[in-house]
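Q:
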Amino acid sequence: IAGALHDDLPLITQRPFRSPHHTVSAAGLSGGGAVPKPGEISLAHNGVLFLDELPEFSRNTMEVLRQPIEDGTVTISRVSGTLTYPCDVMLIAAMNPCPCGYFGHPTRRCICGEKAVARYLSRVSGPLLDRLDLHVEVPPVEFEQLSSSADEEASKIIKERVNKARRLQLERYRDMGFTCNSRISSAMLRKVCPLDDRAKGILQTAFDKMGLSARAYDKVLKVSRTIADLDNSQVIKANHIAEAVQYRTLDRKYWHNS
113 IAGALHDDLP LITQRPFRSP HHTVSAAGLS GGGAVPKPGE ISLAHNGVLF LDELPEFSRN
173 TMEVLRQPIE DGTVTISRVS GTLTYPCDVM LIAAMNPCPC GYFGHPTRRC ICGEKAVARY
233 LSRVSGPLLD RLDLHVEVPP VEFEQLSSSA DEEASKIIKE RVNKARRLQL ERYRDMGFTC
293 NSRISSAMLR KVCPLDDRAK GILQTAFDKM GLSARAYDKV LKVSRTIADL DNSQVIKANH
353 IAEAVQYRTL DRKYWHNS
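Residue numbers (the numbering used here): 113 to 370.
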């Protein structure tokens, strides 16, 4: 439909990776045209949509992602009719903490004023941030880490652990019409995300102190379910919830829902 296949590669045999430039239009991202064609989000279906320098995308372009990344489909309406394309993607976004890139740096001085930092961060809306499952702040890498010869966990071992967790999820949801934790509905969370007493206490404290939205609460439960699966645990324990809460850092540090 998009005309993106070639004669020497008539079928897509591996998960797509799409990384549109930040100047992409809303229609280029979600799809459009007189005869609606799929946009970048649909071309990344069952793969990765990577948005580098997220605040540099226009606000309108970012906002068109809100419903599609929740629904897994995007609907384009024109006078000639309405088309719905699939867009079940893993959305990965990256950004600097401020225009100069050194806000919060342990050794470099940020030259941006407080208002400039706030203005930069406010380009990403709270509702969009709410829809991202994991927020990870990446500190600068020290020389000792770069030059270290210490053995790290091999990618092969990590892959085996992830595949085992995915098999657990396939078995758990085999009669439910989906295959992984990210697609758990709010109505099903209590059934498939049993918490022990300590985990419930940590979750309640986090909800009260961080002012989490209902959507962020659901995200924490889904992520903790995945962490428990990686730990081969049927019950979500305190350490699983505590780790999941750590992945909502941007909710509590820089942004407020808007």
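A virtual CB, placed ideally from N, CA and C, is assigned to each residue, including glycine.
The alpha helix (DSSP H) with SER142 in it runs from where to where?
A: For the purposes of this step, residue 142 is taken as residue 30 along the sequence shown, with counting starting at 1. Note, SER142: alpha helix (DSSP H), 138–142.
Q: What number of angstroms, rounded off, separates the C-alpha of ALA206 from the C-alpha of ILE124?
A: For the purposes of this step, residue 206 is identified with residue 94 of the sequence shown, where counting begins at 1. For the purposes of this step, residue 124 is identified with residue 12 of the sequence shown, where counting begins at 1. ALA206 and ILE124 have their C-alpha atoms some 26 Å from each other.
Q: With a Cβ-Cβ cutoff of 7 Å, do CYS305 and ARG279 count as a contact?
A: If you number the sequence shown from 1, residue 305 lands on position 193. If you number the sequence shown from 1, residue 279 lands on position 167. No, they are not a contact pair.
Q: Use the C-beta contact count for THR135: other C-beta atoms within 10 angstroms, 16 or more gives buried, fewer gives exposed.
A: Mapped onto the sequence shown, residue 135 falls at position 23. Counting Cβ neighbours within 10 Å, THR135 comes out exposed, since fewer than 16 surround it.
Q: How should SER370 be labelled, buried or exposed, when 16 other C-beta atoms within 10 angstroms of its C-beta is the threshold for buried?
A: Indexing the sequence shown from 1 puts residue 370 at position 258. Confidence is the limiting factor: at SER370 the pLDDT is only 41, short of 50, which leaves the residue's position unreliable, though a coordinate-based value still follows. Sixteen is the threshold: since fewer than 16 other Cβ atoms of the shown chains lie within 10 Å of the Cβ of SER370, the residue is exposed.
Q: Give the DSSP bridge partners of LYS149, in chain order.
A: On the sequence shown, position 37 is the one that residue 149 refers to. Bridge partners of LYS149: GLY144.
Q: With which residues is SER237 paired in a DSSP beta bridge?
A: Residue numbering aside, residue 237 sits at position 125 when the sequence shown is read from its first letter. DSSP output for SER237 lists no bridge partner at all.
Q: Any idea what DSSP makes of ILE348, helix, strand or coil?
A: On the sequence shown, position 236 is the one that residue 348 refers to. In the structure shown, ILE348 sits in a strand (DSSP, three-state: E or B).
Q: Tell me whether the beta-carbon of ASP245 lies closer than 7 Å to the beta-carbon of LYS331.
A: Counted from its first residue, the sequence shown places residue 245 at position 133. Counted from its first residue, the sequence shown places residue 331 at position 219. In contact: ASP245 and LYS331 (Cβ atoms closer than 7 Å).
Q: Should ASP263 be labelled buried (16 or more other beta-carbon atoms within 10 Å of its own) or exposed?
A: Position 151 of the sequence shown, counting from 1, holds the residue named residue 263. With fewer than 16 Cβ atoms within 10 Å of its Cβ, ASP263 is classed as exposed.
Q: Among GLU165, LEU324, GLY143 and PRO167, which has the Cα closest to the Cα of ALA156?
A: In the sequence shown, counting from the first residue as 1, residue 156 sits at position 44. When each option's Cα is compared against that of ALA156, the closest is GLY143.
Q: Runs of 4 residues minimum, wholly inside the stretch 166–195: which ones carry the alpha helix (DSSP H) assignment?
A: 171–175 and 178–183
Q: Please report the straight-line C-alpha distance between ARG360 and SER192, rounded to a whole angstrom.
A: Numbered from 1 along the sequence shown, position 248 holds the residue referred to as residue 360. Numbered from 1 along the sequence shown, position 80 holds the residue referred to as residue 192. One C-alpha to the other measures close to 42 Å.
Q: Give me the residue from MET322, ASP343, GLY289 and SER345 with the minimum Cα distance to GLN358.
A: Taking the first residue of the sequence shown as 1, we reach residue 358 at position 246. For GLN358, the nearest C-alpha among the options comes from MET322.
Q: Run through DSSP, which three-state label would TYR232 get?
A: Numbered from its first residue, the sequence shown carries residue 232 at position 120. When secondary structure is reduced to three states using DSSP, TYR232 falls in the helix class.
Q: Take ARG327 as the anchor and find which of LEU241, GLY225 and GLU175 has the nearest alpha-carbon.
A: Start at 1 with the first residue of the sequence shown, and residue 327 comes out as number 215. Of the candidates LEU241, GLY225 and GLU175, the one whose C-alpha sits nearest the C-alpha of ARG327 is LEU241.
Q: Give me the residue from VAL236, MET288 and ARG295 with the minimum Cα distance to GLU165.
A: Here the question's residue 165 lines up with position 53 in the sequence shown. When only C-alpha atoms are compared, the closest one is VAL236.
Q: Given the structure, does VAL229 come close to the ligand NAP, in the sense that its CB is under 6 Å from one of the ligand's heavy atoms?
A: This structure lacks the ligand NAP, and indeed carries no ligand of any kind.
Q: Classify ILE339 as buried or exposed, calling it buried when 16 or more other Cβ atoms lie within 10 Å of its own Cβ.
A: Here residue 339 is taken as the residue at index 227 of the sequence shown, counted from 1. That one is buried.
Q: Starting from ALA340 and walking both ways along the alpha helix (DSSP H), at which residues does that stretch end?
A: Taking the first residue of the sequence shown as position 1, residue 340 is located at position 228. Taken as a continuous stretch (DSSP letters only), the alpha helix (DSSP H) holding ALA340 covers 326–342.
Q: Under 7 Å, do PRO180 and ILE153 count as touching if we go by C-beta distance?
A: As a first step, residue 180 is located in the sequence shown; it is residue number 68 there, counting from the start. As a first step, residue 153 is located in the sequence shown; it is residue number 41 there, counting from the start. Yes, these two residues count as a Cβ contact at 7 Å.
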